[in-house]
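Each remark here refers to the structure printed beneath this line.
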Amino acid sequence: MGLSKELSTQLAPFLKKYTVPIFALDWEPPSTIQGFVLTQKQASELQTLLPHYTFKLHIVEKNPPDSFVLGNAEVLSLYTTPTEKKLATQWEKTEPSLRNIWTWQGYTLVQKHEKTLGWVLDSEIVSTPYFPKHSSPSFSLPAFLDEIKRSLDIPYLLGGRSATAVDCSGLIQRALWKTSQYNYPRHSLDQMKKGVRKERGTELPGDLIFARSLQENTTKNILHVAVHIEKNTVIHACRQKGKVVKMSYTEFFERYAYAGTRAISKPALEGDAL
Amino acid sequence: MNSSCLECGATLEISNKVQIGEITDCENCGVALEILSANPLSLCLFEEEEK
Numbered sequence: 001m002g003l004s005k006e007l008s009t010q011l012a013p014f015l016k017k018y019t020v021p022i023f024a025l026d027w028e029p030p031s032t033i034q035g036f037v038l039t040q041k042q043a044s045e046l047q048t049l050l051p052h053y054t055f056k057l058h059i060v061e062k063n064p065p066d067s068f069v070l071g072n073a074e075v076l077s078l079y080t081t082p083t084e085k086k087l088a089t090q091w092e093k094t095e096p097s098l099r100n101i102w103t104w105q106g107y108t109l110v111q112k113h114e115k116t117l118g119w120v121l122d123s124e125i126v127s128t129p130y131f132p133k134h135s136s137p138s139f140s141l142p143a144f145l146d147e148i149k150r151s152l153d154i155p156y157l158l159g160g161r162s163a164t165a166v167d168c169s170g171l172i173q174r175a176l177w178k179t180s181q182y183n184y185p186r187h188s189l190d191q192m193k194k195g196v197r198k199e200r201g202t203e204l205p206g207d208l209i210f211a212r213s214l215q216e217n218t219t220k221n222i223l224h225v226a227v228h229i230e231k232n233t234v235i236h237a238c239r240q241k242g243k244v245v246k247m248s249y250t251e252f253f254e255r256y257a258y259a260g261t262r263a264i265s266k267p268a269l270e271g272d273a274l
Numbered sequence: 275m276n277s278s279c280l281e282c283g284a285t286l287e288i289s290n291k292v293q294i295g296e297i298t299d300c301e302n303c304g305v306a307l308e309i310l311s312a313n314p315l316s317l318c319l320f321e322e323e324e325k
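Chains as they are written, first to last, in my numbering: chain A, 1 to 274; chain B, 275 to 325.
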């Protein structure tokens, strides 16, 4: 069940802080909310936001706060729930270790360095004493653009964020991390909110173009993101084409409706790093 | 031009060159808003559907 509008509004600061929805709330009116709250700190924050609700917590911060894991393979898939195989994102062996949040019936909830969460099979991870070190990201636009161009032909996969498959926002996030160790949000709407608004027609190489699908039988309320490469050219992970492609604006706007232009914001000293 | 957030009522500063269909967000509460018309300015909530 989804969140009510009122509850969504009350939770907005919490969700904005943690970038992506991190728990599944089973709404039981009028006074209780059940869900997987991840840490005691987050539970306290939620309680402060929602003082009139009683929280029935399944488990809170079961694993030690300094518990980290690595994937066994080159690419580890993280799912939105333990039982539903809907891909949330992916982790690559070149990325920092994952924080071990909670284990449940053969699955483990892990958190990536950029705060994205997902469930993995216990058999696919191994404990590690290594924890991510703090670093200062330095955004390199030329390196980012080169990485985007190198990503051409990578297959499209919803939730994908690896050398083997990407979705539209995963392409951006991965390229920024790989080239600049810059933790950009995972989801397109969050990427849009983080960027610096620009007027249409003032795009520069590396700017992000946000748009919504015009394809028949698809909702217009799914936000897509592409990278402006040069005049009349974008690169994006295209679901219809099944891979990362270079496309003219003419063709792009036959498929998508314009929703905004954003320059990639410069990383802050903290918060955008590990 | 100024407007008010549909969720929290905070003042929004919207560019005069905004495009219909463009999405903006409220810096106060973070809600996403869609530009329905530019003159006069009209907004609606943009609720992204799950992919």
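C-beta atoms are modelled at their ideal positions from N, C-alpha and C, and glycine is treated no differently.
Please tell me whether A:Y249 has its Cβ less than 8 Å away from any Cβ of chain B. Position 249 of the first sequence, counting from 1, holds the residue named residue 249 of chain A. Proximity of A:Y249 to chain B, defined by a Cβ-Cβ separation below 8 Å, is not satisfied.
Would B:A312 count as contacting chain A if we go by Cβ distances under 8 Å? Numbered from 1 along the second sequence, position 38 holds the residue referred to as residue 312 of chain B. So, not an interface residue.
Counting only runs that start and end within the segment 168-206 of chain A, where is the beta strand (DSSP E) found for 3 or more residues in a row? With a minimum length of 3 residues, the continuous beta strand (DSSP E) runs that stay inside the segment 168-206 of chain A are 196-198.
In the DSSP output, which residue or residues are listed as bridge partners for B:V305? The count along the second sequence starts at 1 and reaches residue 305 of chain B at position 31. Note: B:V305 sits in no beta bridge, so no partner.
Could you tell me the alpha carbon to alpha carbon distance between A:V225 and A:S151, rounded to whole angstroms? Translated into the one-based positions of the first sequence, residue 225 of chain A becomes position 225. Translated into the one-based positions of the first sequence, residue 151 of chain A becomes position 151. Those two C-alpha atoms are separated by around 15 Å.
Whole angstroms is fine: what's the gap from A:R239's alpha carbon to A:A143's? Translated into positions along the first sequence, residue 239 of chain A becomes position 239. Translated into positions along the first sequence, residue 143 of chain A becomes position 143. If you draw a straight line from the Cα of A:R239 to the Cα of A:A143, it comes to about 25 Å.
Is the Cβ of B:A284 closer than 8 Å to any Cβ of chain A? Taking the second sequence and counting its residues from 1, the one referred to as residue 284 of chain B is at position 10. Not one chain A Cβ lies under 8 Å of B:A284.
Please compile the residues from chain B whose C-beta is within a distance smaller than 8 Å of the C-beta of A:V199. For the purposes of this step, residue 199 of chain A is taken as residue 199 along the first sequence, with counting starting at 1. For the record, residue 199 of chain A in the displayed sequence is Glu; it is not Val. For the C-beta of A:E199, the chain B residues within less than 8 Å are, from N- to C-terminus, S289 and K291.
Cα separation between A:L46 and A:L11? Along the first sequence, one-based indexing puts residue 46 of chain A at 46. Along the first sequence, one-based indexing puts residue 11 of chain A at 11. Their backbone Cα atoms lie some 8 Å apart in a straight line.
Three or more C-beta pairs below 8 Å linking the segment 101-118 of chain A and the segment 188-202 of chain A: With the rule of 3 Cβ pairs closer than 8 Å, the segment 101-118 of chain A does not count as touching the segment 188-202 of chain A.
Scan the segment 168-197 of chain A for residues whose Cβ lies nearer than 9 Å to a Cβ of chain B and list them as they occur along the chain. For the segment 168-197 of chain A, which is checked against every Cβ of chain B, the residues closer than 9 Å are H187, S188, L189, M192, K193 and R197.
So what does A:F210 bridge to, in DSSP terms? Numbered from 1 along the first sequence, position 210 holds the residue referred to as residue 210 of chain A. BP columns for A:F210 point to A:V225 and A:G260.
List, in chain order, every chain B residue whose beta-carbon is nearer than 7 Å to that of A:G260. Translated into the one-based positions of the first sequence, residue 260 of chain A becomes position 260. Against A:G260, the close residues of chain B are E296 and I297, in the order they occur along the chain (beta-carbon pairs closer than 7 Å).
Straight-line Cα distance separating A:K178 from A:V234: Counting from 1 along the first sequence, the entry for residue 234 of chain A is found at position 234. Counting from 1 along the first sequence, the entry for residue 178 of chain A is found at position 178. Spanning the two alpha carbons is a distance of roughly 20 Å.
Among residues of its own chain, excluding the 5 on either side of A:L282, which ones have a beta-carbon nearer than 7 Å to its beta-carbon? Lying before the first or after the last residue shown, residue 282 of chain A is absent from chain A, which here runs from 1 to 274.
Report, in whole angstroms, the separation of the C-beta atoms of A:H236 and A:D207, which I expect to be a contact under 8 Å. For the purposes of this step, residue 236 of chain A is taken as residue 236 along the first sequence, with counting starting at 1. For the purposes of this step, residue 207 of chain A is taken as residue 207 along the first sequence, with counting starting at 1. Not quite, the Cβ-Cβ distance comes to about 13 Å (not below 8 Å), so this is no contact.
Residue from A:P51, A:T116 and A:E6 with nearest C-alpha to A:P185: Here residue 185 of chain A is taken as the residue at index 185 of the first sequence, counted from 1. Measuring from the Cα of A:P185, the nearest candidate turns out to be A:T116.
Are at least three pairs of beta-carbons, each pair with one atom in the segment 68-78 of chain A and one in the segment 121-137 of chain A, less than 8 Å apart? With the cut-off at 8 Å, the segment 68-78 of chain A and the segment 121-137 of chain A touch.
Among the candidates A:L121, A:E114, A:L171 and A:S162, whose CA atom is the shortest distance from the CA of A:Y145? Position 145 of the first sequence, counted from the first residue, corresponds to residue 145 of chain A. Before going further, note that residue 145 of chain A is Leu rather than Tyr in the sequence given. Measuring C-alpha to C-alpha distances from A:L145 to each of A:L121, A:E114, A:L171 and A:S162 identifies A:L171 as the nearest.
For A:N183, does the count of other Cβ atoms within 10 angstroms reach 16, so buried, or fall short, so exposed? To locate residue 183 of chain A, count along the first sequence from 1; it is residue 183. In summary, A:N183 is buried, with 16 or more beta-carbon neighbours lying within 10 Å of its beta-carbon over all protein chains present.
In the DSSP assignment, the beta strand (DSSP E) including B:T285 goes from what residue to what residue? Against the second sequence, residue 285 of chain B aligns to sequence position 11. Counting along the chain, the beta strand (DSSP E) containing B:T285 begins and ends at T285 to E287.
Nearest chain B C-beta to A:I229 closer than 8 Å, yes or no? For this step, residue 229 of chain A is matched to residue 229 along the first sequence. No - not a single Cβ of chain B is within 8 Å of the one on A:I229.
Return the chain-ordered list of same chain residues with a C-beta closer than 7 Å to the C-beta of B:F320, the five sequence neighbours on each side being excluded. Taking the first residue of the second sequence as 1, we reach residue 320 of chain B at position 46. Within the same chain, B:F320 has close Cβ partners I297, A306, L307 and E308.
Does A:S180 pass the burial test, meaning 16 or more other C-beta atoms within 10 Å, or should it be called exposed? Taking the first sequence and counting its residues from 1, the one referred to as residue 180 of chain A is at position 180. Classification for A:S180: buried.
Please report the distance separating the alpha-carbon of B:G295 from that of A:V196. Within the second sequence, the letter at position 21 stands for residue 295 of chain B. Within the first sequence, the letter at position 196 stands for residue 196 of chain A. Between B:G295 and A:V196, the C-alpha separation is close to 18 Å.
Check the Cβ-Cβ distances between B:L279 and every residue of chain A, and say whether any is below 8 Å. Taking the second sequence and counting its residues from 1, one reaches residue 279 of chain B at position 5. The question names Leu, but residue 279 of chain B is Cys in the sequence shown. Interface residue (Cβ-Cβ distance to chain A less than 8 Å): B:C279 is not classified as such.
Are any of the Cβ atoms in chain A nearer than 8 Å to that of B:C303? Stepping through the second sequence from its first residue, residue 303 of chain B is reached at position 29. It does; some Cβ of chain A falls within 8 Å.
Can you confirm whether A:T9, when its beta carbon is compared against all beta carbons of chain B, has any partner nearer than 8 Å? Along the first sequence, read from residue 1 onward, the residue named residue 9 of chain A stands at position 9. Any Cβ of chain B closer than 8 Å to the Cβ of A:T9 would place that residue at the interface, and such an atom is present.
Are there 16 or more other CB atoms within 10 angstroms of the CB of A:S77, so buried, or fewer, so exposed? Position 77 of the first sequence, counted from the first residue, corresponds to residue 77 of chain A. A:S77 counts as buried, since no fewer than 16 other beta carbons sit within 10 angstroms of its beta carbon.
Under 8 Å, Cβ to Cβ, is there at least one residue of chain B near A:F210? The sequence position of residue 210 of chain A within the first sequence is 210, counting from 1. Interface with chain B (8 Å Cβ-Cβ cutoff): A:F210 is included.
Would you say A:L76 faces chain B, with C-beta separation under 8 Å as the test? As a working mapping, residue 76 of chain A is identified with position 76 in the first sequence. Closer than 8 Å: no.
Neighbourhood of A:P155 by C-beta distance below 6 Å, restricted to the same chain and skipping five residues each side: Here residue 155 of chain A refers to the residue found at position 155 when the first sequence is read from its first residue. Answer for A:P155: A165 and K243, listed in chain order.
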